[in-house]
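Q: Numbering (my numbering), first residue to last: 644 to 929. One structure is given below, represented as structure tokens, and several questions about it will come after.
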Amino acid sequence: MTLSRVVDFRETFEKDFNPTNWLQLDPYRHEINRIIWTTINRQAITRPIDLRPMRAIKWTYNLENISKTCNTSIYLLISIDGTLTWSILDRFDLPNKNITTLNISIELFAELKTLNTKYHIGQFRWFQPLSSKCNNFTWGLSKIISIKSINIDFITDYFYTISSSRSNWESIDGALLAQPDQCNNNIPALIFHESSFSVITIPILIQQFHVLVLQFNTKCNQNADMKTLQCRNLTSILEYRTDLSLKWTKLIDMTDLACRTSLINGGYLNMHTIKLPFETYSRYDR
């Protein structure tokens, strides 16, 4: 049997495991945006994934009832031969020394640059070997994201099609990708629906770009008269980081996004043109 390839692999656990992403799962319980294994068997194996656009994979372990006696590591493995053999991408040693809390979450990151580029398809496996010392300890997963390779066209092709725009984002929290926005000539848009939000792009090659133009709209209703809903003050910070830095640097603090605007098509339109700092495009790779 041939399994279809998964493209743009990600798992947010909003409702449960996405069945199109997974080949094998051990018993678990679903909680808010995460799963926790419920037996001593703890593993998850993905379906075949297209590795060509992937640069790395990021995920979060949720650890419960950490024990000082459990010293069996948790592994992220990868197979490029249909699960016949597995190679270690990451080994996570449990923090069982000097622990101050029994339940913690830890975000991890593994690059795929060591893989032979001739292998385009792979499967991931999160796994902990059986150990009697770990019977009371358990763990689970949340927020698994495949990070794409640098995209040189992201800034120019952005939201013109709703199907392609999702793959341009590494993560979207407190927001959703909407169907075409009737307040903005039916162009797809990000809708921020929580009191706080965070959206992160995939890595972008921006050497040839010197400014970034952002457009914000207030939400409008779906009636023919397109009456504008109440304008709200909204403050947002735009940050950036380069490959050489793990720290986010503030680029601009944008205030009153939804109110300092002009009225177009029933919605308030707000444009920001932001000059990019020199360091973000000074390193040119060929």
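Just so it is clear, CB atoms sit at the ideal spot from N, CA and C, and this is done for glycine as well.
1) The beta strand (DSSP E) spanning L666 covers which residue range?
2) For T781, count neighbouring C-beta atoms within 10 Å of its own C-beta (all shown protein chains included) and say buried if the count is 16 or more, exposed if not.
3) Beta strand (DSSP E) containing N705: first to last residue?
4) Answer with buried or exposed for L706, where buried requires no fewer than 16 other C-beta atoms within 10 angstroms of its C-beta.
5) Rounded C-beta distance between E813 and I845? I'm assuming under 8 Å.
6) Can you grab the Cα-Cα spacing for the pair W680 / F770, in whole Å?
7) Would L773 and I709 be called neighbours here (beta carbons separated by less than 8 Å)?
8) First and last residue of the beta strand (DSSP E) that includes G783?
9) Name the DSSP bridge partner or partners of G765?
10) Could you spell out where the beta strand (DSSP E) holding E754 opens and where it closes?
11) Closest to W665 by CA distance: which of I675, I917, I692 is it?
12) Between A818 and V854, is the Cβ-Cβ spacing less than 8 Å?
13) Under the assumption that I790 contacts M697 (Cβ atoms under 8 Å), give the Cβ distance between them as a whole number of angstroms.
14) Decide if I787 is buried, meaning its Cβ has at least 16 other Cβ atoms within 10 Å, or exposed.
15) Applying the 10 Å Cβ sphere with the 16-neighbour rule, what's the burial state of F752?
16) With DSSP run on the structure shown, which of helix, strand or coil describes L872?
17) Are there 16 or more other CB atoms within 10 angstroms of the CB of T689, so buried, or fewer, so exposed?
18) Considering only C-alpha positions, which residue in the set E750, T715, F835, F735 is nearest to K776?
A: Quick answer:
1) Looking up residue 666 in the sequence shown gives position 23. Counting along the chain, the beta strand (DSSP E) containing L666 begins and ends at 665-668.
2) For the purposes of this step, residue 781 is identified with residue 138 of the sequence shown, where counting begins at 1. T781 should be labelled buried.
3) Taking the sequence shown and counting its residues from 1, the one referred to as residue 705 is at position 62. 697-707 is the extent of the beta strand (DSSP E) around N705.
4) Position 63 of the sequence shown, counted from the start, is the residue given in the question as residue 706. Label assigned to L706: buried.
5) In the sequence shown, residue 813 corresponds to position 170, counting from 1. In the sequence shown, residue 845 corresponds to position 202, counting from 1. Going by Cβ atoms, the distance from E813 to I845 rounds to 5 Å, so yes, they are a contact pair.
6) The residue given as residue 680 occupies position 37 in the sequence shown. The residue given as residue 770 occupies position 127 in the sequence shown. Whole-angstrom Cα-Cα distance: 11 Å.
7) To locate residue 773, count along the sequence shown from 1; it is residue 130. To locate residue 709, count along the sequence shown from 1; it is residue 66. Not in contact: L773 and I709 (Cβ atoms no closer than 8 Å).
8) Mapped onto the sequence shown, residue 783 falls at position 140. G783 -> beta strand (DSSP E) spans 781-791.
9) Against the sequence shown, residue 765 aligns to sequence position 122. The partner list for G765 (beta bridge, DSSP) reads I692.
10) As a first step, residue 754 must be located in the sequence shown, where it is residue number 111. Where E754 is concerned, the enclosing beta strand (DSSP E) stretches over 747-754.
11) Position 22 of the sequence shown holds residue 665. Considering only alpha carbons, the answer is I692.
12) In the sequence shown, counting from the first residue as 1, residue 818 sits at position 175. In the sequence shown, counting from the first residue as 1, residue 854 sits at position 211. Not closer than 8 Å, so no.
13) Counted from its first residue, the sequence shown places residue 790 at position 147. Counted from its first residue, the sequence shown places residue 697 at position 54. Sure, about 7 Å apart at Cβ, within 8 Å.
14) Within the sequence shown, the letter at position 144 stands for residue 787. So I787 ends up on the buried side.
15) For the purposes of this step, residue 752 is identified with residue 109 of the sequence shown, where counting begins at 1. With fewer than 16 other Cβ atoms within 10 Å, it is exposed.
16) Within the sequence shown, the letter at position 229 stands for residue 872. With a pLDDT of 46 at L872, under the threshold of 50, the modelled position of this residue cannot be trusted; read the value that follows with caution. Looking at L872 - three-state DSSP - the assignment turns out to be coil, as it is neither helix nor strand.
17) Position 46 of the sequence shown, counted from the first residue, corresponds to residue 689. Looking at its Cβ environment, which holds 16 or more other Cβ atoms inside 10 Å, T689 is buried.
18) Locating residue 776 in the sequence shown gives position 133, counting from the first residue. Measuring from the Cα of K776, the nearest candidate turns out to be T715.
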